[in-house]
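Chains as they are written, first to last, in the working numbering: chain S, 3 to 340; chain F, 201 to 468; chain W, 2 to 260. Positions of the beta carbon are idealized from the N, C-alpha and C atoms, including for glycine. Quantities reported herein were computed from a predicted structural model and do not represent experimental measurements. Worksheet: the structure to be examined is printed underneath.
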Amino acid sequence: MTGASVTLEEVEAGYGSEAVLKGVSLAFPRGRVTAVIGPSGCGKTTLLRVVAGLVQPRRGRVLFDGRDYTRVPPERRNVGVVFQDLALFPHMTVYDNIAFPLRIRGYSEGEVRRRVKWALELVGLEPSLFAGRSVSSLSGGQQQRVAIARAIVYEPSVLLLDEPLSHLDLKIRQRLLEELRRIQRETGATMIYVTHDQWEAMELGDYVAIMRDGRVVQWGEPEEVYDNPVDEFVATFFGDANLLPSKLVGLGGNGLVAVVRPEDVEVARDKPGGDYIVFEATVGDKVFHGGQVKVTLRVDGVELRALMPRRKASFTAGDRVYVAISKERIRLVRRSNT
Amino acid sequence: MRRLLAIYTIILAMLLYAPILVMAIQSFNKSPYIGSWEGFTLTWYKVLASDEEAVQALLNSLYVAAASSGLSVGMALLAGMAVRRRRSLTLVDLLTYPPLVLPEIVEAVSLLLFLAALGAPFGALTVIIGHTAFNVAYAYIVVAPSLKEATRYEEAARTLGASPLRVAATITLRLAAPGLVSAAMLTLLLSFTDFIKTLFTTGPGFETLPLLLWNRARRPGLRLESSHSALAALATVMTLATLLVAAAYTMVAIRRGASLERGNTIQR
Amino acid sequence: MTGSLAALLLATPMILFLLAFFYAPLAYAVAYSVEAGGGGLLSAYIEVLTRPEYYGVVAASAVNALIAAGISTLLAAPAAYYATNMASPRMRPLILVVLVAPFWVDVLLRSLSLKAILYLVDVREGYLAMMLGLVYEYLPIAVITGYVAFSGAPQRLVEAARTLGATPLQALISVLLPIAAPWLAAGAVIIFLMALTDYVVPGLLGGTQGFTVGTLLYYLILSGDRWDLGSALTSLLTIATVAGTAVAFKRIYEVAARA
């Protein structure tokens with residue numbers, strides 16, 4: 003199967019008088035994973051529904067491999083959708099759910115059987131155990147897998163996932179995320195993954211598109227976006243960021259604000275040399291994060307967060323320490339009205 | 201598809217209301233007969249207002265409805281309080297379902313045979329008993345869920361230091377109040393518009409509004425009060441009254457349903 | 002434990018009332034019917050079931066009720082679907098209220114109104130008027146059951162089917178109807194039972210053809226003084242109702258139990 007590239011051109015969409023997408027232009031490259039991420043209500047689900055053909059844009063175009071698909075109904079787009087609430091058919095067994103798109107396409111029963119088995123194995127469900135079960139008898143994670151199997155069994159060229167893992171617990175989430183990655187590689191589908199979880203987006207996306215209030219504010223590879231956020235919103239939403247007051251670092255102002263990632267905030271007992279901005283601070287809370295420790299630092303009524311390996315965090319609350327931030331690691335970004 | 205269904209729904213609604221509308225228009229017709237429009241008049245409403253028989257029937261109907269509704273909601277509230285903490289179906293629940301599904305005429309005939317065997321005096325009292333026999337079941341299925349729902353907050357109130365009596369008064373009953381109001385409206389409506397049960401359980405001289413309407417409609421045109429237009433005036437007044445109560449009831453019920461749904465979503 | 006026992010006492014007024022004025026009369030009617038006939042035990046039943054003027058009415062009435070239940074369910078279904086799944090969320094309750102409110106208006110009033118409008122289009126009392134009356138009367142109930150039915154088959158599932166390749170028609174046939182069908186059928190059974198025993202509509206609109214089980218009962222009990230036959234017929238209806246609703250809701254219970 004080969005994926006299709008999907009392009010949105012100046013898409014505006016909404017429900018009733020309410021505009022949800024306010025002019026979105028975005029390209030989803032063929033065979034790659036794009037994570038669409040944003041706070042709730044930013045329009046990311048609507049964007050996905052526009053690609054699926056479930057919402058007609060008021061303006062703009064939707065292109066699949068360069069062809070105008072704006073008016074093509076969902077059943078002729080060859081997309082696979084995993085809905086947020088899964089939308090498994092309650093009156094069908096696991097087998098019939100997954101066979102549904104194949105039967106609609108007129109596959110022979112032998113072929114249906116072969117493919118359903120393939121899809122179940124791909125999502126890690128043993129066919130002989132699960133095929134005959136009713137969907138309501140499955141656990142959340144199993145239902146999730148069935149929904150994914152149903153969406154990939156006919157090898158759609160575009161796979162759309164709407165926060166599919168949001169109501170699963172961390173461990174299953176981690177496993178399914180890895181499997182989604184593997185499935186995408188094996189099938190070669192273009193994947194659009196909508197989420198509000200920045201970690202999911204970073205882990206899964208070849209690209210991320212960050213949305214806010216009906217618009218895409220930044221698009222790029224995750225590392226690039228992480229390292230060079232365009233504004234304060236992206237900096238604080240995609241990863242954690244400290245906002246540095248201009249009086250402290252002598253940067254920013256004029257609609258710009260200096261930001262630095264917590265892992266780039268270094269803490270030392272002795273004053274370090276080099277090309278650093280250095281100031282004194284008091285250690286506040288220390289929060290244990292497994293292998294790492296998040297330390298709160300207070301300076302002039304401002305709080306900064308620093309993330310460091312556990313073995314380096316040998317100080318305790320109340321200690322006076324030096325904070326050092328490499329000038330290279332500071333980014334000046336546009337202030338956002340939050 | 202969507203537009204087609206919208207148009208269909210609108211047409212269906214229009215068909216549902218067209219007869220009622222025609223009836224309302226007829227009540228302002230100078231001619232006593234349907235089919236010939238002779239101009240606008242309020243005569244038939246004046247006839248109605250000075251129609252002592254109709255006024256008496258209205259009073260009877262209101263009396264029966266108020267008594268049956270009060271009895272029903274009262275008994276349903278007590279029963280609902282009794283079982284509000286039970287998760288599974290109780291005997292009380294099971295007892296209330298058959299009155300909801302059994303055809304009314306079956307109930308009515310059985311009650312008539314039974315009351316006759318007991319030698320009961322047929323009249324207002326037997327009508328009230330007859331209405332309450334189905335009303336109490338309707339009241340219960342409306343009241344009991346709202347009490348059950350309110351119970352969810354009782355434990356929280358107890359941990360916050362309220363005594364059981366105070367909890368019942370300020371939390372349980374307060375939260376169940378919309379359910380009680382719906383139940384009262386529903387039972388008032390059911391009783392006020394009931395015909396079959398009343399027909400079989402009333403005695404000589406006790407006539408409710410539906411019975412009066414039936415008797416006149418079966419023999420139209422014999423008197424001024426039973427002419428098409430006079431009947432239309434009476435029907436219009438009754439329809440308007442019931443539609444108002446019904447709309448209010450449905451709105452309360454839906455809002456309650458919606459807020460319950462919201463509550464559940466939040467809990468999940 | 003005594004506390005909860007005392008609490009249960011609160012339920013006694015309702016229980017006693019239902020036992021005295023709902024269950025006891027039903028039991029009495031059955032007992033009465035068994036021995037009331039002139040020719041010994043169950044003779045009333047034998048007469049009702051063998052004399053064509055009785056079972057004929059029951060059969061004809063059943064056919065009419067079935068037609069009315071079917072037509073009103075079919076007519077209401079598209080509107081119920083629109084109200085549950087297609088209209089904007091804010092409009093949904095409003096549409097339901099508008100379609101259901103007429104149900105609360107007394108059957109008498111609505112039959113009378115319908116009679117008036119039918120008079121205008123020159124449809125007089127008779128079979129057609131009665132059938133129209135039955136459909137008109139039970140349409141709001143069909144809307145309610147349709148609303149319940151289609152709430153269980155949300156638009157999301159149709160959308161899912163569409164993205165999986167189904168045309169709107171295929172989605173309707175393979176997803177929507179199978180999920181909604183048990184509820185629609187249960188609604189039709191309820192309407193059937195109500196139409197079967199309707200008294201008002203045939204009385205006002207049926208003219209000389211307006212005979213149902215309801216009218217038959219009225220004549221047997223209130224004018225004909227054949228209480229033996231009336232009670233037998235009543236008892237048969239009770240059994241039919243219990244059986245009918247049990248069958249109708251069995252499927253739903255099964256579905257609910259699976260979920």
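Using beta-carbon distances, Q210/W does not count as an interface residue toward chain S, since no partner is under 8 Å. Between R157/W and chain S, the shortest Cβ-Cβ separation is below 8 Å. Within its own chain, the residues whose Cβ lies closer than 7 Å to the Cβ of A121/S, once the five positions on either side in sequence are excluded, are I100, A151, I154 and V155, listed in chain order.
Contact with chain W is found for P410/F, since one of that chain's Cβ atoms lies less than 8 Å from the residue's Cβ.
I39/S has its alpha-carbon roughly 49 Å from the corresponding atom of L444/F. With a contact defined as Cβ atoms closer than 8 Å, P92/S and V137/S qualify at about 6 Å. Nearest CB-CB separation between E77/S and chain W: below the 8 Å threshold. Boundaries of the alpha helix (DSSP H) harbouring P179/W: L178 to L197, taken from the DSSP string. For I212/S, the pairing in a beta bridge is given by DSSP as I39/S and Q220/S. In the three-state reduction of the DSSP assignment, T318/S falls in the coil class.
Within a 10 Å sphere around the beta-carbon of K246/F sit fewer than 16 other beta-carbons, which makes this residue exposed.
Annotation: I142/W to P90/W spans about 22 Å, alpha carbon to alpha carbon.
A Cβ-Cβ separation of about 18 Å leaves L97/W out of contact with Y137/W under the 8 Å criterion.
Within chain S, the C-beta atoms nearer than 7 Å to that of S89/W come from G18, in chain order. Under the three-pair Cβ rule at 8 Å, the region 69–78 of chain W does not count as touching the region 314–329 of chain S. When the Cα atoms are used, A81/W and G188/W turn out to be separated by approximately 13 Å. Secondary structure of I234/F (DSSP, three-state): coil. Below the 7 Å Cβ cutoff, chain W contributes no neighbours of W244/F, its closest Cβ being approximately 14 Å away. At a cut-off of 8 Å between C-beta atoms, P203/W does not count as an interface residue with respect to chain F. The beta carbons of V259/S and L250/S sit no closer together than 8 Å. Identification of residues in the region 227–248 of chain W having a C-beta nearer than 7 Å to some C-beta of chain F yields W228, G231, S232, T235, L238, T239, T242 and T246, given in sequence order.
F290/S does not reach chain W, its nearest Cβ partner there being about 41 Å away, counting only Cβ pairs nearer than 8 Å. Against chain S, the beta carbon of P179/W has neighbours under 9 Å at F91, H93 and M94, listed in chain order.
Contact check for E36/W against L230/W fails: the beta carbons are separated by 8 Å or more.
With respect to the 8 Å criterion, T401/F and G330/F are classified as neighbours on the basis of their beta carbons.
In the three-state reduction of the DSSP assignment, M193/S falls in the strand class, which pools E and B. In summary, E238/F is exposed, with fewer than 16 beta-carbon neighbours lying within 10 Å of its beta-carbon over all protein chains present.
For V64/W, the enclosing alpha helix (DSSP H) has its first and last residue at P53 to Y82. Counting of Cβ neighbours within 10 angstroms places D233/S among the buried residues, the total reaching 16 or more.
Here E355/F is exposed, its C-beta having fewer than 16 other C-beta atoms within 10 Å.
For the region 100–120 of chain W, the set of residues with a beta-carbon nearer than 7 Å to any beta-carbon of chain F comprises L100, V101, A102, P103, W105, V106, D107, V108, L109, L110, R111, L113, S114, L115, A117, I118 and Y120, in chain order. DSSP places Y353/F outside both helix and strand once states are collapsed to three, so it counts as coil. Rounded to the nearest whole angstrom, the CA to CA distance from P41/S to V262/S is 21 Å. When DSSP states are grouped into helix, strand and coil, D266/S belongs to the helix group.
Beyond the five residues adjoining it in sequence on each side, L43/W comes within less than 7 Å, by CB distance, of V35 in the same chain, given in chain order.
The alpha-carbon of T284/S is positioned some 27 Å away from that of F239/S.
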